[in-house]
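Below: one structure, written as structure tokens.
There are 2 protein chains.
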Amino acid sequence: MVQPVADGIQTKRTTIYDLAALAGTSASAVSAVLNGNWKKRRISEKLAERIRRIADEQGYAVNMQASALRRERSRIVGMIVPMYDNRYFGSIVEKFEQMARDRGLFPIITCTQRDPDLEVQAARAMLSYQVEFIVATGATDPDHISDICRAAGIRSFNLDLPGTKAPSVLSDNFGGARTLTRQVLQRNRDRFARNEPLVFVGGRAVDNTAERIRGFRAAHADMEIAVREDCIIACGYAAQKAEQALTHLYQTVPDHPHGMFVNSTISLEGVLRWIKKEQPDLLQTAAIGCFDFDPLVDLLSENILMVKQDVPTMLDALWRIIAENNTTHEVVEIPPVAAVS
Amino acid sequence: MVQPVADGIQTKRTTIYDLAALAGTSASAVSAVLNGNWKKRRISEKLAERIRRIADEQGYAVNMQASALRRERSRIVGMIVPMYDNRYFGSIVEKFEQMARDRGLFPIITCTQRDPDLEVQAARAMLSYQVEFIVATGATDPDHISDICRAAGIRSFNLDLPGTKAPSVLSDNFGGARTLTRQVLQRNRDRFARNEPLVFVGGRAVDNTAERIRGFRAAHADMEIAVREDCIIACGYAAQKAEQALTHLYQTVPDHPHGMFVNSTISLEGVLRWIKKEQPDLLQTAAIGCFDFDPLVDLLSENILMVKQDVPTMLDALWRIIAENNTTHEVVEIPPVAAVS
DNA sequence: TCGGCTTGTGCCATCGATTGTGCATTGATG
DNA sequence: CATCAATGCACAATCGATGGCACAAGCCGA
Chain A
15 MVQPVADGIQ
25 TKRTTIYDLA
35 ALAGTSASAV
45 SAVLNGNWKK
55 RRISEKLAER
65 IRRIADEQGY
75 AVNMQASALR
85 RERSRIVGMI
95 VPMYDNRYFG
105 SIVEKFEQMA
115 RDRGLFPIIT
125 CTQRDPDLEV
135 QAARAMLSYQ
145 VEFIVATGAT
155 DPDHISDICR
165 AAGIRSFNLD
175 LPGTKAPSVL
185 SDNFGGARTL
195 TRQVLQRNRD
205 RFARNEPLVF
215 VGGRAVDNTA
225 ERIRGFRAAH
235 ADMEIAVRED
245 CIIACGYAAQ
255 KAEQALTHLY
265 QTVPDHPHGM
275 FVNSTISLEG
285 VLRWIKKEQP
295 DLLQTAAIGC
305 FDFDPLVDLL
315 SENILMVKQD
325 VPTMLDALWR
335 IIAENNTTHE
345 VVEIPPVAAV
355 S
Chain W
15 MVQPVADGIQ
25 TKRTTIYDLA
35 ALAGTSASAV
45 SAVLNGNWKK
55 RRISEKLAER
65 IRRIADEQGY
75 AVNMQASALR
85 RERSRIVGMI
95 VPMYDNRYFG
105 SIVEKFEQMA
115 RDRGLFPIIT
125 CTQRDPDLEV
135 QAARAMLSYQ
145 VEFIVATGAT
155 DPDHISDICR
165 AAGIRSFNLD
175 LPGTKAPSVL
185 SDNFGGARTL
195 TRQVLQRNRD
205 RFARNEPLVF
215 VGGRAVDNTA
225 ERIRGFRAAH
235 ADMEIAVRED
245 CIIACGYAAQ
255 KAEQALTHLY
265 QTVPDHPHGM
275 FVNSTISLEG
285 VLRWIKKEQP
295 DLLQTAAIGC
305 FDFDPLVDLL
315 SENILMVKQD
325 VPTMLDALWR
335 IIAENNTTHE
345 VVEIPPVAAV
355 S
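Chains A and W supply the protein sequences, listed in that same order.
Per the working numbering, the first sequence starts with residue 15, numbered consecutively.
Per the working numbering, the second sequence starts with residue 15, numbered consecutively.
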């Protein structure tokens with residue numbers, strides 16, 4: 015079983031059979047010792063120790079493919095994420111990975127560029143690798159992913175954007191948007207003597223944006239300011255879309271307001287590009303709100319208020335639901351941490 | 015073989031044996047048809063079509079665990095990344111995933127928090143899942159990862175930070191730092207009438223930071239400005255470290271310069287926090303350079319110049335080396351795109 | 001009509017790890 | 001000394017997909 019060695023590189027990996035031969039015992043003993051249930055199999059401490067030593071010397075690592083096949087349990091868990099272009103998804107991924115590892119699971123994460131086809135393709139690939147469940151984060155079509163998972167008999171969960179066919183954990187978009195909008199309106203009134211509504215930019219009308227717009231409206235009502243219906247622009251998240259939308263707005267709606275509610279940091283990028291090009295002093299004459307947090311923005315600008323979604327609490331809730339294992343499709347809403355700046 | 019169904023969820027996945035039974039044929043025919051080499055096995059178009067239809071109806075997905083075990087080829091490729099707290103690593107991961115998928119490979123990526131132990135643990139886990147190679151990006155100890163991979167007989171590659179035991183692709187840190195430093199020195203001279211050296215903040219002396227410091231020195235020499243050796247502070251990348259370092263510098267070195275070379279966007283975060291707290295008008299009286307690019311910073315500040323590392327070209331080079339399959343441990347240096355702002 | 005060739009399929013061993021089962025020892029007890 | 005339980009371990013089947021090989025059926029020319 016021991017293989018030829020070329021240039022210090024083994025052409026073949028060490029298996030439990032190799033270790034068994036080296037230790038003068040059987041593969042089943044090796045397996046039992048190395049995966050920890052050797053006491054159940056009444057293997058002597060002496061043999062266990064010898065096997066462990068030899069495994070160590072050989073730098074043995076289980077073949078998880080074989081293990082998973084036999085156990086019918088892969089210990090792999092999957093997460094689908096839209097993009098890595100912002101701190102929000104970045105921190106979700108970092109935390110998810112860590113929490114998976116803490117539970118002895120192996121996380122595989124893939125970003126799908128907000129592309130529904132890629133999402134489906136990624137989910138199918140994960141199923142082929144026998145993931146134990148899939149978390150669809152900010153998916154464009156969460157229910158489709160749930161359907162695919164259900165057909166394969168594995169669970170799925172939604173994060174950041176809700177679906178109707180799996181449990182969902184998301185921010186309190188209504189509350190967060192309401193608070194943020196109120197703070198921006200207030201600052202425009204106090205600091206810039208602007209008693210006008212805000213422009214709403216970014217996001218897709220079909221997803222959490224609807225709830226945020228509801229919060230946006232509620233805040234205007236709270237402050238007794240009339241919402242400008244023609245200035246609510248759910249143009250998608252991409253920076254360029256936001257930039258174009260504002261260019262268009264300023265060309266076609268002469269009496270538009272100046273403050274803004276921007277629906278993500280990536281949309282904010284487009285907004286800032288537009289500001290730099292077309293309204294370079296806007297940030298000195300009006301406040302902007304951004305639903306999502308970026309520390310660099312926070313440190314560089316006085317007049318951009320942000321809400322920070324509470325990633326740790328969201329992921330705690332997610333893993334609690336994963337552990338619970340019941341079949342209700344509950345929706346858990348987590349309040350954002352706070353609006354800052 | 016067909017399993018009981020509960021609540022619309024199959025408790026057991028469909029296998030090629032199930033499909034074979036449904037199609038009235040053998041598992042080997044199903045396998046051959048579904049993985050595309052049915053022509054070699056002279057399976058009739060008619061049977062192939064029937065099998066494909068049934069597989070489709072059943073929503074069949076191969077068990078990659080079984081397939082990989084048998085083929086002795088997982089089609090999984092691994093990448094290790096420090097953190098997701100900046101756009102640079104984010105774009106590396108996005109691009110790597112896409113390029114892996116384009117090649118029919120399944121990427122698994124894990125972030126290791128700049129923790130050497132986690133890096134090793136992650137590499138071992140990937141090896142257990144039989145990855146075909148590992149790319150260590152910005153690793154704190156690339157050679158250790160190379161050693162582990164070599165012991166398992168699989169290839170490894172270094173990205174962003176070089177190692178001596180595997181091919182490496184990285185930015186031209188010397189050239190990039192030299193250009194950036196020169197531009198910042200120039201701007202300090204032109205715009206702020208400061209003819210003084212820069213403070214260097216962030217990074218670890220053992221890694222690419224050394225080359226950047228070399229470029230930093232060269233630029234000072236180019237401009238005939240003496241480097242302040244007591245103001246070169248490779249305090250690590252973490253934001254807090256940079257913040258503390260500057261606090262300490264301003265307390266203990268009274269005649270320090272004011273412009274800065276900051277070694278990453280995450281260090282910049284600490285620098286900006288410190289500026290906001292302790293020197294709120296610094297950005298109006300001195301220019302800062304940052305080795306790494308963040309579009310939001312670019313749009314919000316006039317006086318922060320940045321270099322953008324050329325991720326697409328770096329990854330093209332990486333995959334070229336991966337495809338080449340030769341054993342030299344070459345180091346490829348890619349010039350950054352440009353300094354902007 | 002018979003051997004030889006092509007075509008189309010099925011059988012079975014195999015990948016490496018896991019686990020139910022069974023079989024020797026050993027020591028204790030009557 | 002016989003009996004029995006406890007102890008320590010090995011054997012072999014199994015997970016699902018793959019691919020070498022054998023084999024049957026059909027066809028052709030001699």
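All C-beta atoms in this analysis are idealised placements derived from N, C-alpha and C, irrespective of residue type, glycine included.
Since we're looking at a predicted model, the values are computed, not measured.
Look at Tyr-143/W: its C-beta is under 8 Å from a C-beta on chain A. The C-beta of Leu-263/A comes no closer than 8 Å to any C-beta of chain W. Under the 8 Å criterion on CB atoms, Ala-82/A is classed as interfacial with respect to chain W.
Residue state for Leu-212/W is assigned as coil, using DSSP reduced to three classes.
For Asn-202/A, the uninterrupted alpha helix (DSSP H) segment begins and ends at 187-206. Only Gly-73, Ala-75, Val-76, Asn-77, Met-78, Gln-79, Ala-80 and Ala-82 from the segment 67-82 of chain A bring a Cβ to less than 7 Å from some Cβ of chain W. Contact annotation: the segment 83-91 of chain A does not touch the segment 54-74 of chain A, with fewer than three C-beta pairs closer than 8 Å. Residues of the same chain with a CB within less than 7 Å of the CB of Tyr-74/W, apart from the 5 flanking positions on each side, are Thr-28 and Leu-33 in chain order.
Taking the C-beta atoms as reference points, Phe-307/A is found no nearer than 8 Å to Arg-226/A. The secondary-structure analysis by DSSP pairs Pro-121/W across a beta bridge with Val-91/W.
Contact between Leu-332/A and Val-183/A holds: their C-beta atoms lie close to 5 Å from each other, under 8 Å. Only residues of its own chain outside the window of five on either side were considered, and among them Val-198, Arg-201, Asn-202, Gly-273 and Asn-317 have a CB closer than 6 Å to the CB of Ala-301/W, listed in chain order. DSSP places Ser-170/W in no alpha helix (DSSP H) but in the uninterrupted beta strand (DSSP E) bounded by 169-173. Against chain W, the CB of Ser-315/A has a partner CB under 8 Å away; the residue lies at that interface.
Each residue's CA atom was taken as its position, placing Gly-303/W and Ala-337/A some 47 Å apart.
Non-local beta-carbon contacts of Ala-232/A in its own chain, meaning distances under 6 Å to residues more than five positions away in sequence, involve Arg-192 in chain order.
In the pairwise beta carbon analysis, the segment 235-252 of chain W is classified as touching the segment 207-214 of chain W: at least three pairs are separated by under 8 Å. Taking 8 Å as the upper bound for CB-CB distance, Ile-122/W and Ala-137/W are not in contact here, some 12 Å apart. Per DSSP, Glu-316/W lies in no beta strand (DSSP E) and is assigned neither H nor E.
At least one beta carbon of chain W lies nearer than 8 Å to the beta carbon of Val-107/A. When secondary structure is reduced to three states using DSSP, Met-274/A falls in the strand class.
Contact between the segment 36-53 of chain A and the segment 108-122 of chain W is absent, with fewer than three C-beta pairs closer than 8 Å. DSSP places Ser-81/A in the helix class (H, G or I) of the three-state scheme. Relative to Pro-326/A, the option among Ala-41/A, Ser-142/A, Gly-104/A and Val-215/A whose CA is nearest is Gly-104/A. Chain-ordered, the chain A residues with CB closer than 7 Å to the CB of Val-311/W read Leu-310 and Leu-314. The beta carbon of Asp-174/A sits no closer than 8 Å to any beta carbon of chain W. Cα atoms of Phe-171/A and Arg-205/W: separation of roughly 54 Å, rounded to the nearest angstrom. In this structure, Glu-292/A sits away from Tyr-251/A, with a CB-CB distance that is not shorter than 8 Å.
Taken in chain order, the members of the segment 270-292 of chain A whose beta-carbon sits within less than 8 Å of a beta-carbon on chain W are Thr-279, Leu-282, Glu-283, Leu-286, Arg-287, Ile-289 and Lys-290. For the 8 Å CB-CB criterion, Leu-329/A and Met-113/A form a contact.
The contact set of Ala-139/W on chain A, defined by CB atoms closer than 8 Å, consists of Phe-120 in chain order.
For the pair Asn-277/A and Asp-99/W, the Cα-to-Cα distance works out to about 20 Å. For Gly-104/W, the enclosing alpha helix (DSSP H) stretches over residues 101-116. About 3 Å separates the Cβ atoms of Ser-281/A and Gly-216/A, confirming a contact at the 8 Å cut-off. For Pro-268/W and Phe-275/W, the gap between their C-alpha atoms comes out near 19 Å. In this structure Glu-243/W is exposed. Its beta-carbon is surrounded by fewer than 16 other beta-carbon atoms within 10 angstroms.
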